[in-house]
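In the numbering used here, the protein residues as written are 23 to 182.
Just so you know, even glycine gets a beta-carbon here, dropped at the ideal spot from N, CA and C.
Here the structure comes first, spelled out in structure tokens, and everything after it is commentary.
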């Protein structure tokens, strides 16, 4: 698949950076799959969704701080717009984790995980709205989004 730089219009090759992005995406998917199972066990047997999600976010922050401490920047050097985006991203992630833990407490993991995995649909939607200059939505992307929706419907109906 040919890719083009949207600023220059020149063809770009797949890069090491892009490969790292794909590998990181796969790692994220695996991690979210594991965390869904752990969340179900935790909220079903150990504690409430609020406590569980709070601890999960805390330990996630702590772990990332240790791993990436050399890359942390001085918070005073962050401009207001970037800080607002960081805040909103953190807030959205916090709401997402909390909602996932509440969902795990009230529904089967086999249903909750695919539905929460539909975040790709929202990334496509919001990307097409807010990142028009950076992200291009292709017909194949739209077909893939519909396939995600169909897959979720099939999983839900199989449990009915």
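Of 59, 46 and 147, the smallest CA-CA separation from residue 130 is found for 59. Here residue 50 carries a helix assignment [DSSP, helix/strand/coil].
The continuous stretches of alpha helix (DSSP H) do not include residue 99, and DSSP gives it neither H nor E. Taking 8 Å as the cut-off, the beta carbon of residue 177 is found no closer than this to the beta carbon of residue 108. By the CB criterion at 8 Å, residue 65 and residue 127 fall inside the cutoff.
Residue 157 carries a coil assignment under DSSP once its states are collapsed to helix, strand and coil.
Taking 8 Å as the upper bound for CB-CB distance, residue 163 and residue 146 are in contact here, some 6 Å apart. Within the same chain, 138 come within 6 Å of residue 122 by CB-CB distance, once the 5 residues on both sides are set aside. In the structure shown, residue 37 adopts coil according to DSSP, grouped into three states.
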